[in-house]
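Protein chains in written order, with the numbering used here: chain R, 1 to 233; chain Z, 1 to 123.
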Amino acid sequence: MVNGKRTLIIIPALNESGSIADVVGEVRGELPGVDVLVVDDGSTDRTADVAAAAGARVAKLPYNLGVGGAMRLGYRYARDNNYDVAIQIDADGQHDPRYVPKLVDLLDDNDLVIGARFAGEGDYNVRGPRRWAMVMLSAVLSRVARTKLTDTTSGFRAANRRVIEMFAGWYPAEYLGDTVETLVHTARRGFRIRQVPVAMRKRMAGTPSHSPAKAMIYLGRAFAVLTLALIRR
Amino acid sequence: MKLTLVTGLTGLLLLGTIVELLRRRQLREKYGMLWLAVLIIVIPLSLFPRLLDNVAELLGVASGVSLVLFLGIVFLLLVCVHLSWEVSALEEETRTLAEDFALLRAQIDADRAARDELVSTDG
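Written out as structure tokens, the structure is:
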């Protein structure tokens, strides 16, 4: 329970046995009375066992579906088990669970709340094509959602019952679909989206990529995904 | 004459292959019928390549053979698109199955854990 609401924390994880126990432990420590579901997206390491030992419920996919696939499973679980709120956080430990009550508070007046980097709190810097992609995405998506969105690819989100219901039936498995396309889809259906500034931490394990070529490809794909999302119904 | 022999024999060989695949139930009817229909059009053309010359002239194409080539490429492109579409549908189906499977496994694990706890507190 967070603020009297049955809350499920969904953590999609792929080969995160190094950090998942700490993340689950921290969430359970900071938020007693909240259920944690780790969706193991076809890991080849012991992610599922480690997460279960740390006290999470585990849904293990037989093969890798991508973040979007893992998330739809999480939302189906939330719907089937009658949760009021579903919160998605990353398995690498960059999201601080102490912000969860803040996100849940905002769900009183909103349907989807996004925990956003670069919105005042914490320090997080990107440059080059990756930066351009983020600027483009936030400019367009802010217009579509009629609210200021600065970190559209954030994997830190809280959804209420109505959005859980929608995501359980529809959630794209494609690249960037889990963030960009879901935002367009949600905004177009009249749901209220809101972002809150959160400080991000260094990842507990794993490293982000910094190659310029990859950043350019990222920009191109982001543009393609955004265009497709906008011309879809 | 030699060319007609080569193309005609190729057409017949393909026809035989499709029929054999259908007979062994290796090919779903909906695809088998499509290829049979194609071959029924293609085999007469392979035996008499000038058959389409009149139609070609009507459309401003220099020879019937070029027209067949053009239509063949368009048709193959459409088939490829159709197959991509089928694969997309299949991926969506397997994705749903994978999710169902994971949900069921989670449910079984939860039930087993609850039962073990019950047994250990009773015992």
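A virtual CB, placed ideally from N, CA and C, is assigned to each residue, including glycine.
Query	Result
Quick one: is R157 of chain R buried, meaning 16 or more other Cβ sit within 10 Å of its Cβ, or exposed?	buried
Which chain Z residues are close to A51 of chain R, counting only those with a beta carbon under 9 Å from its beta carbon?	Under the 9 Å cutoff, chain Z gives no residues; its nearest Cβ is about 12 Å from A51 of chain R.
Count the other CB atoms, across all protein chains shown, that sit within 10 Å of the CB of Q26 of chain Z; report buried if there are 16 or more and exposed otherwise.	exposed
Could you tell me which uninterrupted alpha helix (DSSP H) segments, each at least 4 residues in length, are contained entirely in the segment 26-53 of chain Z, listed from first to last along the chain?	29-47
Indicate whether at least one CB of chain Z lies closer than 9 Å to the CB of G69 of chain R.	yes
Cβ of L90 of chain Z less than 9 Å from any chain R Cβ?	no
Are the beta-carbon atoms belonging to G42 of chain R and L14 of chain R less than 9 Å from one another?	yes
Counting pairs of Cβ atoms below 8 Å between the segment 52-65 of chain R and the segment 138-157 of chain R, do you hit three or more?	no
Are the beta-carbon atoms of Y75 of chain R and I164 of chain R separated by less than 9 Å?	yes
Helix, strand or coil, according to DSSP, for D116 of chain Z in the structure here?	helix
Note the first and the last residue of the continuous beta strand (DSSP E) segment covering D35 of chain R.	D35 to D40
State yes or no: is the C-beta of L226 of chain R nearer than 8 Å to some heavy atom of the ligand SAH?	In terms of ligand content, the structure shown is empty, and the ligand SAH therefore cannot be addressed.
Just checking my contact of D35 of chain R with R57 of chain R at CB under 8 Å: how many whole Å lie between their CB atoms?	7 Å
Any Cβ of chain Z within less than 9 Å of the Cβ of V58 of chain R?	yes
If you measure from the beta carbon of E99 of chain Z to each beta carbon in chain R, is any gap under 9 Å?	yes
What span of residues does the beta strand (DSSP E) with R157 of chain R cover, start to end?	R157 to A159
Taking all protein chains shown into account, do 16 or more other C-beta atoms lie within 10 angstroms of the C-beta of G206 of chain R, making it buried, or fewer, making it exposed?	Any answer about G206 of chain R is weak, because its pLDDT of 46 lies below 50 and its placement is not dependable; what the coordinates show is given next. When all chains shown are included, G206 of chain R counts as exposed.
Among R:D178, R:G33, R:T47 and R:P197, which residue has its Cα nearest to the Cα of G18 of chain R?	R:T47
Answer yes or no: does any C-beta atom of chain R fall closer than 9 Å to that of A106 of chain Z?	yes
Smallest Cα separation from L5 of chain Z: which of Z:I73, Z:F48, Z:L21 and Z:T121?	Z:F48
Indicate whether at least one CB of chain R lies closer than 9 Å to the CB of A37 of chain Z.	no
Taking 8 Å as the limit between beta carbons, can you name the residues of its chain near R50 of chain Z, skipping five residues before and five after?	G64
Hey, which unbroken runs of the beta strand (DSSP E) at 3 residues or more fall wholly within the segment 90-143 of chain R?	112-116
Distance, Cα to Cα, P197 of chain R vs L34 of chain Z?	57 Å
Going straight from the alpha carbon of A78 of chain R to that of A222 of chain R, what length do you get?	29 Å
Using a Cβ-Cβ cut-off of less than 8 Å, list which residues of the segment 70-81 of chain R approach chain Z; keep chain order.	R72, L73, R76, Y77 and D80
Below 9 Å between beta carbons: does that hold for L45 of chain Z and V19 of chain Z?	no
Looking at chain R, is there any beta carbon in it that lies within less than 9 Å of the beta carbon of D109 of chain Z?	yes
Classify L61 of chain R as helix, strand or coil using the three-state DSSP reduction.	coil
Kindly indicate which three-state DSSP category L149 of chain R falls into: helix, strand or coil?	coil
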